[in-house]
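Peer 1: In this note's numbering, the protein residues as written are 4 to 75. Every residue gets a Cβ at the ideal spot worked out from N, C-alpha and C, and that includes glycine.
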(Lines of atoms letter the chains of each structure in order from A and count residues from 1; the text may use other names and numbers.)
(Lines give C-alpha, C1' and ligand atoms only; values in the text may rest on other atoms or scores of the structure.)
Protein backbone atom coordinates (compact mmCIF):
# COMPACT_ATOMS: atom_id res chain seq x y z
CA UNK A 1 0.00 0.00 0.00
CA UNK A 2 1.10 3.53 -0.73
CA UNK A 3 2.90 5.31 2.15
CA UNK A 4 2.80 2.13 4.27
CA UNK A 5 6.58 1.77 4.53
CA UNK A 6 6.60 -1.31 2.29
CA UNK A 7 8.50 -1.08 -1.01
CA UNK A 8 8.81 -3.58 -3.84
CA UNK A 9 12.37 -4.67 -4.68
CA UNK A 10 11.86 -4.70 -8.45
CA UNK A 11 15.36 -6.05 -9.20
CA UNK A 12 14.80 -9.06 -6.90
CA UNK A 13 11.21 -9.80 -7.92
CA UNK A 14 10.27 -12.24 -10.69
CA UNK A 15 7.00 -12.99 -12.53
CA UNK A 16 6.33 -15.64 -9.84
CA UNK A 17 7.63 -13.79 -6.77
CA UNK A 18 7.30 -10.27 -5.42
CA UNK A 19 9.99 -9.24 -2.92
CA UNK A 20 9.13 -6.44 -0.49
CA UNK A 21 11.07 -4.68 2.25
CA UNK A 22 9.89 -2.56 5.15
CA UNK A 23 11.80 0.72 5.12
CA UNK A 24 11.15 2.16 8.57
CA UNK A 25 12.96 1.35 11.83
CA UNK A 26 10.79 -0.38 14.42
CA UNK A 27 11.00 -0.02 18.18
CA UNK A 28 11.20 -3.27 20.17
CA UNK A 29 7.77 -4.91 20.15
CA UNK A 30 6.44 -2.63 17.41
CA UNK A 31 4.87 -4.26 14.36
CA UNK A 32 4.56 -3.25 10.72
CA UNK A 33 1.29 -2.39 9.01
CA UNK A 34 -0.31 -5.37 7.29
CA UNK A 35 1.44 -6.26 4.06
CA UNK A 36 -1.60 -7.77 2.35
CA UNK A 37 -5.19 -8.72 2.99
CA UNK A 38 -5.60 -11.05 -0.01
CA UNK A 39 -3.69 -13.70 -1.94
CA UNK A 40 -4.39 -15.02 -5.44
CA UNK A 41 -3.54 -18.55 -6.47
CA UNK A 42 -3.49 -19.65 -10.11
CA UNK A 43 -6.29 -22.12 -10.86
CA UNK A 44 -3.81 -24.84 -11.89
CA UNK A 45 -2.17 -24.60 -8.46
CA UNK A 46 -5.45 -24.25 -6.57
CA UNK A 47 -6.56 -27.65 -7.88
CA UNK A 48 -3.65 -29.32 -6.06
CA UNK A 49 -4.82 -28.58 -2.52
CA UNK A 50 -4.96 -30.69 0.62
CA UNK A 51 -7.25 -29.43 3.40
CA UNK A 52 -6.03 -30.33 6.91
CA UNK A 53 -8.28 -29.83 9.95
CA UNK A 54 -6.80 -29.94 13.47
CA UNK A 55 -9.44 -29.07 16.04
CA UNK A 56 -10.64 -25.58 15.16
CA UNK A 57 -7.67 -24.86 12.85
CA UNK A 58 -8.03 -25.41 9.10
CA UNK A 59 -4.90 -25.27 6.92
CA UNK A 60 -4.72 -25.54 3.13
CA UNK A 61 -1.57 -27.13 1.71
CA UNK A 62 -0.70 -26.34 -1.92
CA UNK A 63 1.95 -27.96 -4.12
CA UNK A 64 3.74 -25.73 -6.61
CA UNK A 65 6.94 -26.40 -8.55
CA UNK A 66 8.05 -29.12 -6.15
CA UNK A 67 7.47 -26.86 -3.12
CA UNK A 68 4.66 -26.68 -0.59
CA UNK A 69 3.05 -23.56 0.82
CA UNK A 70 0.38 -23.23 3.45
CA UNK A 71 -2.56 -20.92 4.06
CA UNK A 72 -4.34 -21.09 7.36
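Distance, Cα to Cα, residue 10 vs residue 39?
Peer 2: One-based indexing of the chain shown puts residue 10 at position 7. One-based indexing of the chain shown puts residue 39 at position 36. Rounded to the nearest angstrom, the two C-alpha atoms are 13 Å apart.
Peer 1: Terminal residues of the continuous alpha helix (DSSP H) containing residue 48?
Peer 2: Within the chain shown, residue 48 is the residue found at index 45, counting from 1. If you look at residue 48, you'll find it in the alpha helix (DSSP H) that goes 46-49.
Peer 1: Express the C-alpha separation of residue 59 and residue 53 in angstroms, rounding to a whole number.
Peer 2: On the chain shown, residue 53 is found 50 positions in, with the first residue counted as 1. On the chain shown, residue 59 is found 56 positions in, with the first residue counted as 1. Here the alpha carbon of residue 53 sits roughly 16 Å from the alpha carbon of residue 59.
Peer 1: Could you say which of 57, 64, 8, 5 lies nearest to residue 48 if we only look at CA atoms?
Peer 2: By 1-based counting over the chain shown, the position of residue 48 is 45. Nearest option by C-alpha distance: 64.
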